[in-house]
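Number 85 in full-length UniProt numbering belongs to position 85 of the sequence shown; there are no gaps in the numbering. Reviewing the structure listed below.
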Amino acid sequence: MVLVVDDDPDILEALSEILEAEGFEIRRARNGKEALERLEPDPPQLILLDLMMPVMDGWEFAQRMRQKPSVASIPLIVLSADRNVGSKAKDIGAVGHLAKPFELNDLLAMVRHSLNPVVETTQA
Numbered sequence: 001m002v003l004v005v006d007d008d009p010d011i012l013e014a015l016s017e018i019l020e021a022e023g024f025e026i027r028r029a030r031n032g033k034e035a036l037e038r039l040e041p042d043p044p045q046l047i048l049l050d051l052m053m054p055v056m057d058g059w060e061f062a063q064r065m066r067q068k069p070s071v072a073s074i075p076l077i078v079l080s081a082d083r084n085v086g087s088k089a090k091d092i093g094a095v096g097h098l099a100k101p102f103e104l105n106d107l108l109a110m111v112r113h114s115l116n117p118v119v120e121t122t123q124a
């Protein structure tokens, strides 16, 4: 299950519909506070997180989430219009980031990779 967190209702709806059409189960939140409430009792496998939101922004959400041992290791993908999205994503420990507007294929590839990372094996 993927938790999509964005304060823009159009983006939230579009991302949710696209991911659902690709077979992903979706949970939605409009800000960091709602997202924290949706982490338990059934934690998502991945979180798509906007950084700039009212009520509680993505930064504070990530800090609070990381303080909860039961959900601290859930991977985050940051989606932001901020031009420094890469460094900000790194600062909160995100596994990936996309600058808005982004290509749909890039998003889907990142989601799939984050949910099913390729495990490299070495042969002796």
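By construction, the Cβ of each residue, glycine as well, lies at the ideal position given by its N, Cα and C atoms.
Its chain contains no residue whose beta carbon lies nearer than 6 Å to that of Ser70 once the 5 sequence neighbours on both sides are disregarded. The three-state secondary structure of Gly23, taken from DSSP, is coil. Within the DSSP secondary-structure output, Val78 pairs in a beta bridge with Leu49, His97. Arg28 is bridged by DSSP to Val4. In the three-state scheme derived from DSSP, where H, G and I count as helix and E and B as strand, Glu13 is classed as helix.
With distances taken between CA atoms, Asn84 lies nearest to Leu98 out of Leu98, Leu107, Leu76. Counted as a single uninterrupted DSSP element, the alpha helix (DSSP H) harbouring Glu60 occupies residues 58-66. Nearest C-alpha to Ala14 among Val55, Glu37, Leu107: Leu107.
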